[in-house]
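This note's numbering runs 226 ahead of the 1-based position in the sequence shown. All C-beta atoms, glycine included, are put in the ideal place defined by N, C-alpha and C.
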Amino acid sequence: MIAVLIIGAVFAAVLAGSIFVFAPHPQEVPVAESPSPSNTPSPSTSPTPRPDAPLKLTFDRRQFSIDDPASLWVVVDKLRPLNPANYAAPDLIQTPVPFVNSPVLRKEAADQIVAMFAAYTAETGNKMQAQSAYRSYDVQVNVYNGWVAQLGQAGADLTSARPGYSEHQTGLAMDISAVPNTCALDQCFADTDQGKWLAANAYKWGFILRYPNGMTDITGYEFEPWHYRYVGISLATEMHTTGIQTLEQFFDLPAAPHYAN
Ligand SMILES: [Zn+2]
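This is the structure in structure tokens:
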């Protein structure tokens, strides 16, 4: 009886082994070759890194382009216009959150805004809303020209970004306000529950406060406690951890207090 059991067990083990041996290993499944002509450069075989990948011990500051307008890390300031100036991201979508002006963002940023707003409400019982998000080149032309007509170019430059130079054109930036809407687009937003919570927590969803207090000589903009920029969780967390507050400092870029001309 025992012998039968042992033989049975051995047989079962062999069978299991056979199954294991003959089961196709996932990495050995042949991948269909691309039908593209052989003289076309094949895509890189290394996996595409993602901004929300786990943090490495040494943070790679060059894993994404800061020049490509489609990059989550694109740096736009008064010395770094979008290139091309009329760039529009292909993945802009309506962001399903409460709003003052109907908010459009790039898909990944929109998803993270939805998650962040929900987390804020779950934690505090309060609400925040979108004040303003994506603005196209053409919209910015109208906004800027309106200010120039009122204030002249010097006055307009203190108030509004020139077309092609606005972070809102990336589809990665949102001006956030409180519900009810107190201190909208005002520095007193920093003292609201929403403003304080965002300053402490936005990095967890991949957003940075783009125009911090005391950094006007670097960013070219006064303290805007309402303006959040999506850069992905890994970079936002790295900036939070290191205490480096601006993209210009993080990427060793020149300070951009003014336009070049
Ligand atoms: Zn803004």
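Buried versus exposed call for residue i [16 or more other C-beta atoms within 10 Å across all chains shown]
i	result
residue 482	buried
residue 288	exposed
residue 383	buried
residue 270	Confidence at residue 270 is low in this model, with a pLDDT of 44, below 50, so the placement of that residue is unreliable and no value is reported for it.
residue 490	No information on residue 490 is available, as it lies outside the stretch 227 to 487 that the chain covers here.
residue 258	For residue 258, the predicted structure reports a pLDDT of 41, less than 50, and the residue's modelled location is therefore unreliable. The matter cannot be settled from this model.
residue 376	exposed
residue 324	exposed
residue 328	exposed
residue 480	exposed
residue 421	buried
Near ligand 1: residue i beta-carbon under 8 Å from a heavy atom
i	result
residue 452	yes
residue 358	yes
residue 399	yes
residue 448	no
residue 187	Beyond the ends of the chain as shown, which are 227 and 487, falls residue 187; an answer cannot be given.
Cβ-Cβ distance between residue i and residue j below 9 Å
i	j	result
residue 393	residue 330	no
residue 452	residue 401	yes
residue 321	residue 345	no
residue 441	residue 433	no
residue 454	residue 399	yes
residue 304	residue 370	no
residue 318	residue 397	yes
residue 298	residue 334	yes
residue 386	residue 373	yes
residue 332	residue 456	yes
residue 424	residue 435	yes
residue 460	residue 343	no
residue 413	residue 444	no
Reduced DSSP secondary structure (H/G/I, E/B, other) of residue i
i	result
residue 394	helix
residue 424	helix
residue 456	strand
residue 465	helix
residue 355	strand
residue 336	helix
residue 473	helix
residue 292	coil
residue 405	strand
residue 305	coil
residue 345	helix
residue 325	strand
residue 330	strand
residue 432	coil
residue 377	helix
residue 318	strand
residue 382	helix
residue 387	coil
residue 416	helix
residue 271	Its pLDDT being 48, under 50, residue 271 is placed unreliably in this model, and the value from its coordinates should be taken loosely. Correct three-state label for residue 271: coil.
residue 478	coil
At least three beta-carbon pairs within less than 8 Å, the stretch 387-407 to the stretch 351-361: yes
The stretch 311-330 in contact with the stretch 361-370 per 3-pair CB rule at 8 Å: yes
Meets three-Cβ-pair contact criterion under 8 Å: the stretch 456-468 and the stretch 415-434: yes
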